[in-house]
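Each residue of the sequence shown is one higher than the one before, counting from 1 in the working numbering.
So the structure is just underneath, and the comments pick up after that.
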Amino acid sequence: MAVNLQWNGKMGFVADPPSGVRFTLDAHPDFGGEGLGPTPVEAMLASIAACSAMDVIAILRKKQQTVDSYTLEVDGDKAAEGDYPRPFTAIRLNHVLSGPGLDPVAVARAIQLSDDKYCTVMATLKFGPKFSTSWEIKDAVPG
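See below:
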């Protein structure tokens with residue numbers, strides 16, 4: 001899977017994923033951005049939450065559980081300001097569901113399956129993939 005990212009000026013970047021649904025990532029105005037979209041860190045936390053929540057909903061549907069509302073709160077602790085790169089040292093998810101007769105055992109099992117088996121985003125962070133970086137400079141267009 002590949003996602004292309006194109007700079008749109010200042011600190012904004014438009015992501016072009018295989019789904020074809022483009023979205024913008026940007027920095028807060030205090031950091032030179034225009035606030036046109038979430039920051040990369042915000043998007044990462046949202047991706048963790050969305051990946052888990054989608055799994056949980058799919059599993060609960062298979063178990064014929066009715067969910068009327070679902071909020072997944074995700075927050076994390078980062079290294080101290082000034083210590084770079086400031087990775088998250090802890091990430092916490094809190095699933096808040098409601099629905100008629102929701103079975104707590106089914107909910108707990110759905111969350112466990114997402115955490116341990118199905119959520120690609122969480123698994124990627126847990127297993128720590130190898131990273132590699134390359135670069136190139138293309139000929140500048142004379143202006």
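All C-beta atoms, glycine included, are put in the ideal place defined by N, C-alpha and C.
With distances taken between CA atoms, Lys63 lies nearest to Leu102 out of Tyr70, Leu102, Glu136 and Lys10. In this structure, the CA atom of His95 is about 6 Å from the CA atom of Thr71.
In this structure, the CA atom of Val41 is about 18 Å from the CA atom of Cys119.
Just measuring C-alpha positions, the residue of Ile57, Lys78 and Gly33 sitting nearest Ala90 is Lys78.
Phe88 carries a strand assignment under DSSP once its states are collapsed to helix, strand and coil.
Restricting attention to Ser69, Ala110, Gly12 and Gly9, the CA atom closest to the CA of Cys51 is found in Ala110.
Under the criterion of beta carbons closer than 8 Å, Asn4 and Asp16 qualify as touching, at roughly 5 Å.
Check the Cα spacing between Asp68 and each of Gln6, Pro100, Met44 and Glu81: the tightest is with Pro100.
DSSP places Asp77 within a strand segment (E or B) once states are collapsed to three.
For Ala15, the enclosing beta strand (DSSP E) covers residues Phe13 to Asp16.
Taking 8 Å as the cut-off, the Cβ atoms of Ile48 and Val121 count as close. Nearest in C-alpha terms to Met44, of all of Pro104, Phe31, Pro87 and Asp83, is Pro87.
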